[in-house]
Every structure is written in structure tokens, then in C-alpha cells.
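Report on the structure given below.
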Amino acid sequence: MGRALTVATCALNQWALDFEGNAERILKSIAVAKGRGARYRLGPELEICGYGCSDHYYESDTLLHSFQVLAKLLESPATQDIICDVGTPVMHRNVRYNCRVIFLNKKILLIRPKISLANAGNYRELRWFTPWSKARHVEEYFLPRIIQEVTGQDTVPFGDAVLATKDTCLGTEICEELWTPNSPHIEMGLDGVEVFTNSSGSHHVLRKAHTRVDLVNSATAKNGGIYILANQKGCDGDRLYYDGCAMISMNGDTVAQGSQFSLDDVEVLVATLDLEDVRSYRAEISSRNLAASKVNPYPRIKVDFALSCSDDVAVPTCLPIQWRHHSPEEEICLGPACWLWDYLRRSKQAGFLLPLSGGIDSSATACIVYSMCHQVCLAVKNGNAEVLADARKIVHDETYVPEDPREFCKRIFTTCYMASENSSQDTCNRAKLLAEQIGSYHINLNIDAAVKAIVGIFSMVTGRTPCFSVYGGSSRENLALQNVQARVRMVLSYLFAQLTLWTRGMPGGLLVLGSANVDESLRGYLTKYDCSSADINPIGGISKTDLKNFIQYCIENFQLTALRSIMAAPPTAELEPLVDGQVSQTDEADMGMTYAELSIYGKLRKIARAGPYSMFCKLINMWKETCTPREVASKVKHFFRMYSVNRHKMTTLTPSYHAENYSPDDNRFDLRPFLYNTTWSWQFRCIDKQVNVL
1134 MGRALTVATC ALNQWALDFE GNAERILKSI AVAKGRGARY RLGPELEICG
1184 YGCSDHYYES DTLLHSFQVL AKLLESPATQ DIICDVGTPV MHRNVRYNCR
1234 VIFLNKKILL IRPKISLANA GNYRELRWFT PWSKARHVEE YFLPRIIQEV
1284 TGQDTVPFGD AVLATKDTCL GTEICEELWT PNSPHIEMGL DGVEVFTNSS
1334 GSHHVLRKAH TRVDLVNSAT AKNGGIYILA NQKGCDGDRL YYDGCAMISM
1384 NGDTVAQGSQ FSLDDVEVLV ATLDLEDVRS YRAEISSRNL AASKVNPYPR
1434 IKVDFALSCS DDVAVPTCLP IQWRHHSPEE EICLGPACWL WDYLRRSKQA
1484 GFLLPLSGGI DSSATACIVY SMCHQVCLAV KNGNAEVLAD ARKIVHDETY
1534 VPEDPREFCK RIFTTCYMAS ENSSQDTCNR AKLLAEQIGS YHINLNIDAA
1584 VKAIVGIFSM VTGRTPCFSV YGGSSRENLA LQNVQARVRM VLSYLFAQLT
1634 LWTRGMPGGL LVLGSANVDE SLRGYLTKYD CSSADINPIG GISKTDLKNF
1684 IQYCIENFQL TALRSIMAAP PTAELEPLVD GQVSQTDEAD MGMTYAELSI
1734 YGKLRKIARA GPYSMFCKLI NMWKETCTPR EVASKVKHFF RMYSVNRHKM
1784 TTLTPSYHAE NYSPDDNRFD LRPFLYNTTW SWQFRCIDKQ VNVL
């Protein structure tokens, strides 16, 4: 009867400008889909060149190499007898578009440009591409000669159209178009399109996955139909981790779910679905059918091909499944770990070095590396040949097989406790015990000689010797002496990262890991160019509250008992002198605010887009049970003073895994001045007037 169609989607770990590797992964996904009976294969957004090319999109080379890869795909035997839907940039009449190229048996059926571009948060698509604004309009696209020679076509359709196969009708959406208020699938569905496809370049944010799943399922719940979503996976060269979650949905229910976090470079989902289920579902919705009778039709590209077989009565079809979401603690455990693995293997370094202080932040970073080692061993155990090959390259041993996470951790992870006269024995012991439990190669050293040498140079030149405030020094002296310690640790981190493996008779160098959390960065509670300055930071987009919950998760799931005492200890920088051998300095006292308050300030500032006055107005209601309006005003003013005084530090912030929507990352996500009028005179005066009224 021709009613059971078989389709495939995938999540690919593409890498910006890695045309060779990207082509191999695309071909592998097509071969897997075809081998499992699929007649249509969907891939991620801009998969040929990789989504994160940024300003490389301006280069003609990027377009040239993308077409070269497209020619290779068209010629490959793997792409025969299956409709292939791939993503690539295309220039049409001197305008660059983000496109899907849909082809079958060496013939391009349609080039469909993106209609709604992502241009908020981490996305800057309007910088490189132009949206296609001619709804339901198709033009002739003149193919470059490299493609003409393969397809025998001079021109192909370019624009907003749908494909009409022998048995159904397919319509395309590209990433952002699913998230817009008037998504194309709405009117496509009313016009009889039964299969919707969406190729995405969607990155991980804590607690975001359910939003994407709900959008996909709701797309077909009201209108009926089959929705196929592909997404990129992994780190393709910057701060984002694309989190897969390829899926297939029908009539509001998920029927196939891909993994969110995985070390598999190629993951393919295949589903067989009954088109009559879509037709009967739609036929019962009278309001939909009334709207459909008035819809403006889409241009249809006729395709002499079917996604189903004529004799399919006995073909089993997929049933709805329940989507399984990760907890935030699992997301922290898995997402940054996969991001670190991609960064490590693609940077061709031999491992990581982490200054391990015995506090929550550096311990959480160590646990993420340990989780990465777990993921590598599990992938190898499950037969992932690519992960095994990468692990062997990293440790420079062609016979090595990572089986024990602690043993693998010993090879690729160095932790270093950098003591000073202001460090307590407790933090030293906690760092050492955690290193033993995760298996890292641990170093203990003392920085006092270096600190005294630097301060000695200053004293010799100026004739003055600064003192800590507990010894009668000013606040300027106190802060400067803390900063010297912090910056010495950064210099030593890089020295040991370059030469530790040399001392052990092992090749290669180490990447330095930072461990400043998102709240400290927002407040500026860090020394510029201290050991938070590193190559990469897996926790830089994660809040202190979430990190504490993650530490508890590691205690329970990795049996890291050393973390119990770390959790119980108050966070401290240990840069001021001890009092009777005990730590007297704590982070929250230094900052003048709690981490819980910081998290609220961050969300209001960024997500709620609140300036000082709006933040005050919101908080007098949120905190009315615990604070007077005058106290709220004082807290808000203090936060904005500290935020603006320290904003310049964000210009040198270590590249961090993006995990929170209130990240202060100055590179792309949170674009603000770094020289403020820190008195906020007009804004604070508005707050004071309101306090007096209240």
C-alpha cells in the first residue's frame, strides 16, 4: 500500500573547517541510515563546513571547499537510492545563505535557504547570512561547474518549496525556525506536508533539553505529522557544546530519542512510521481542516521516488516512547566532560593540569575530568574504535587500552596543590585525598620563595615593604599581596603544564584548566591573570549552587568520599594570613554577598534584563520577608558597584563551557562596556527616591 515510510536522522560531531573529517562523518551516517533501511537521511545544520566557522563564512574558500565536499557526496555510491539532506553555505546572486541541499541519485532536488536566522545570545547568523524573505517563492540557482560536472544540471530550484514524493510530502525547517512564533511547519502542515524536517545547530544549556523536545512534540500535536530533528554534537571549536538529542516525533509523541551526551562521533536514529496514522489523526481535527482549506499553497518539487515500499503490510512501525531527561547534576557530569574530551583530542595535547586548592570549584573541575575518563573507558568497552584511537594518540602508546578510569586519569591528568604560608593543612589534605581517589598524578609545592622574591624586588626598588591588614597594612597593600600569590600560581601552572611530562619521561604538554565559577566571574571575585587564567574552564558557566549539588552527586555516584569534607568547608581563597593556624578569610565575607544572592543578581541582570532600578523593584517583593527596602537597595547598589568595577576582568576571562543563560562571558554572549561610571548616580538616585517613598 505504500504507507510505512522509513526515515533517518543523526547527531554528528562536526568540527569547524574540518572538511575531510566532516565529509567522512556525513558519509558514515548516510551509509548507516541506508543499511538500516532508511529512504531519507537528515543531517545537522551547516554540517559540511561545521556550524561554528564564524567569520570564516566571509571567505570564498569556505564556499569552495563546501562545494567540493558536496561533489564528493553526490558522487559517492553511499548516497544512491536515498534522499540526502545536507547543510552548507550557498551564495545566490552574491548573497550568502544558510542552506539545505536535498539530493537524490546525483541530482539536486532543491536548495532551501534558511528563513529565520538565530541572532541572540551566542548566535550571530545575521552577521554572515541573509534570511530568505520570499515566502513560497522559488528561483533558478546556477550551479558551479564542479557540481554541474557531477549532476549534469545547469540550474536547480532555490527557495521556499516542499518535496512531493510518490507517497508523501516533505517540508524543511532549519533550527531557529522551530523556535519562532510563526514556524513554517504550521502552514506547511495545513498545506498537506506530512513530514517536517529540522536540521539544528543547538547548544547545551542546563535544563534546556525539555524545551526543545516540547517544541518538537507540540509541532505535530496540534497539526499532526511526522517531525524529524537532527543536531550537531560536541565541541566544534569554541565555548559551546552541541548536545545532540536527535529525535523523531509523530502526532505529538516521541518515537525515537538520541543521546544528549556521547563520545560517538556519528549517531543515527532510524524510524519506520505509518503515514495513515498521520492522515487519520488530521482528519479528525475539524479546525485544522477548515484552516487548511484557506492556506496559500507551497511550490511542490515532484520527486520520482518513494519513502515507503509497495508491499509493507507486515512492516513493523515504531511506537511512542517516554523521553528520559538528565538531571542538572548529570548534565554537569556529562556535558563538560564530553567538551573536554573533544578539546583534548583535537588540540593534540597529552592531558590536563589543574591547580587543585581543596575547595569546591577546583574539586568540581577535577571530578569532571574524572567523569571524562569514565566516559572514555565506557566508550572503549562498548567498541568505539575512534575513542580508542584518540586515547592511544594522547598517551603516545599504540597498544594502550583504557579500561580503568583511575589508571587513565593518572596518565592524562596532573593536579597541583600550591601552598603558601597562608594555606591551611586541611585544604592540603583534602586536595591530596581527592587526587588519590580519582587517580591523578599529584604534586605538592610551596610558592612562598617566589612570592618573597617578587615582593623583595618591589621593596628593593621603592624602599617600602607592604603588609597584610592584620599586620597594620592598608587595604591596598593587603589586596596587592593577595594578588602576587594568585599570579605566581598562574605562572607556575603554565611552567608545570609544559614540563611535568618531560620530567616523567613522557612526550607532550598539558592544557591548564581554570576553575572560576559563573557567579565569581559575574562579581569579579578573582584576580586578573591568576590561576583562573587558563587554557579552558569547564565550570566557568556553572553556578556555585549547581556545583555543590554536582559534588554531592559525585559523592553518591563515584564514591569519592574525599568530597564530603570539601563540601563541609566554607569557601575560601586562603590568600590572607591564618589566625591560630586556622583560615580567617571566607569568600562570601570578602564579596559582601552570598553565592545564592549572586545567582539571583545574575539571572535578573541578564535573563530578566534588569538594570539597577528594575532589579531593586523586583527584589523588594522577592525578599520582602527577609529584607527591608533600604536593605535591598544597599545590596543592589553593592552588587552593581562591584560588577562594574570588575567588568574589565571579563575581557580576559578564560574560554569556558557555556552552561548558563546568565553567563557574563564578554567574548560573544554578554556584550557590555568594560569601563563603567561605577557611581551609577542617576540609577541609584532613582532607587533612593523609591526607598524614601516606601
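If you read the sequence shown in this note's numbering, its first letter stands for residue 1134, the second for the next number, and so on.
Don't be surprised by glycine CBs; every beta carbon is placed ideally from N, CA and C.
In the same chain as arginine 1525, and ignoring 5 residues on each side of it, the C-beta atoms closer than 6 Å to its own belong to Glu1531 and Tyr1533, in chain order. Ranked by how close their Cα comes to the Cα of alanine 1211, the residues Thr1595, Arg1169, Thr1387 and Ile1244 have Arg1169 in first place. In the DSSP assignment, glutamate 1272 falls within the beta strand (DSSP E) that extends over 1271 to 1275.
Between the alpha carbons of leucine 1175 and arginine 1233 lies a distance of about 10 Å. The secondary-structure analysis by DSSP pairs cysteine 1302 across a beta bridge with Ala1297.
Measuring C-alpha to C-alpha distances from lysine 1481 to each of Gly1642, Gln1508 and Leu1406 identifies Gly1642 as the nearest. Taking the Cα positions, serine 1382 is about 9 Å away from serine 1351. Contiguous beta strand (DSSP E) elements confined to the segment 1423 to 1473 occur at 1433 to 1435, taking only those with 3 or more residues.
Assignment of beta strand (DSSP E) within the segment 1224 to 1279, counting only whole runs of 3 or more residues, yields 1228 to 1237, 1240 to 1246 and 1271 to 1275 in chain order. Residue burial annotation: phenylalanine 1275 is exposed, with fewer than 16 other C-beta atoms found within 10 angstroms of its C-beta. For proline 1488, the beta-bridge partners assigned by DSSP are Cys1549. Comparing C-alpha distances from leucine 1477 to each of Cys1506, Val1223 and Ala1389 shows the shortest one belongs to Cys1506.
For threonine 1288, the enclosing beta strand (DSSP E) starts and ends at 1288 to 1292. Contact between cysteine 1664 and methionine 1724 fails: their C-beta atoms lie close to 19 Å from each other, not under 8 Å.
Looking at the DSSP output, valine 1403 bridges to Ala1141. Of all C-beta pairs linking the segment 1549 to 1560 to the segment 1481 to 1490, three or more are shorter than 8 Å, placing the two stretches in contact.
Boundaries of the beta strand (DSSP E) harbouring methionine 1383: 1380 to 1383, taken from the DSSP string.
Secondary structure at glycine 1168: helix, using DSSP grouped into helix, strand and coil.
Residue ranges of uninterrupted alpha helix (DSSP H) with 4 or more members, entirely inside the segment 1748 to 1817 and ordered along the chain, are 1762 to 1779. When Tyr1746, Glu1400 and Phe1485 are compared, the shortest CA-CA separation from glycine 1647 is found for Phe1485.
Cα atoms of glutamate 1709 and histidine 1575: separation of roughly 25 Å, rounded to the nearest angstrom.
The criterion of a C-beta distance shorter than 8 Å is not satisfied by aspartate 1410 and phenylalanine 1394. Of all C-beta pairs linking the segment 1333 to 1340 to the segment 1281 to 1288, fewer than three are shorter than 8 Å, placing the two stretches out of contact.
Inter-segment contact for the segment 1391 to 1408 and the segment 1135 to 1153 is present: three or more beta-carbon pairs are separated by less than 8 Å.
Contact between the segment 1465 to 1475 and the segment 1494 to 1512 is established, with three or more Cβ pairs separated by less than 8 Å. Assignment of tyrosine 1360 by DSSP, reduced to helix, strand and coil, places it in the strand class. Cβ-Cβ distances below 8 Å link threonine 1787 to Gly1647, Ala1649, Ser1665, Ser1666, Ala1667, Asp1668, Ile1669, Asn1670 and Gly1673 in the same chain, with the five nearest sequence neighbours on each side left out; the list follows chain order. Within its own chain, the residues whose Cβ lies closer than 6 Å to the Cβ of tyrosine 1795, once the five positions on either side in sequence are excluded, are Gly1735, Lys1736, Lys1739 and Ile1740, listed in chain order.
Assignment of histidine 1529 by DSSP, reduced to helix, strand and coil, places it in the coil class.
With 16 or more other Cβ atoms inside 10 Å of its own Cβ, threonine 1705 counts as buried.
By the Cβ rule, the segment 1326 to 1338 counts as touching the segment 1292 to 1309, because three or more pairs are nearer than 8 Å. Contact between the segment 1742 to 1750 and the segment 1805 to 1819 is present: three or more C-beta pairs spanning the two stretches fall below 8 Å. In this structure, leucine 1567 lies near alanine 1499, with their beta-carbon atoms less than 8 Å apart.
Taking one beta carbon from each stretch, the segment 1747 to 1755 and the segment 1624 to 1644 have fewer than 3 pairs nearer than 8 Å; the two do not touch.
From the listed residues Val1295, Arg1763, Ser1249 and Ala1613, the smallest Cα separation to aspartate 1821 is found for Arg1763.
Pairing phenylalanine 1236 with leucine 1250 gives a Cβ-Cβ distance that is not under 8 Å.
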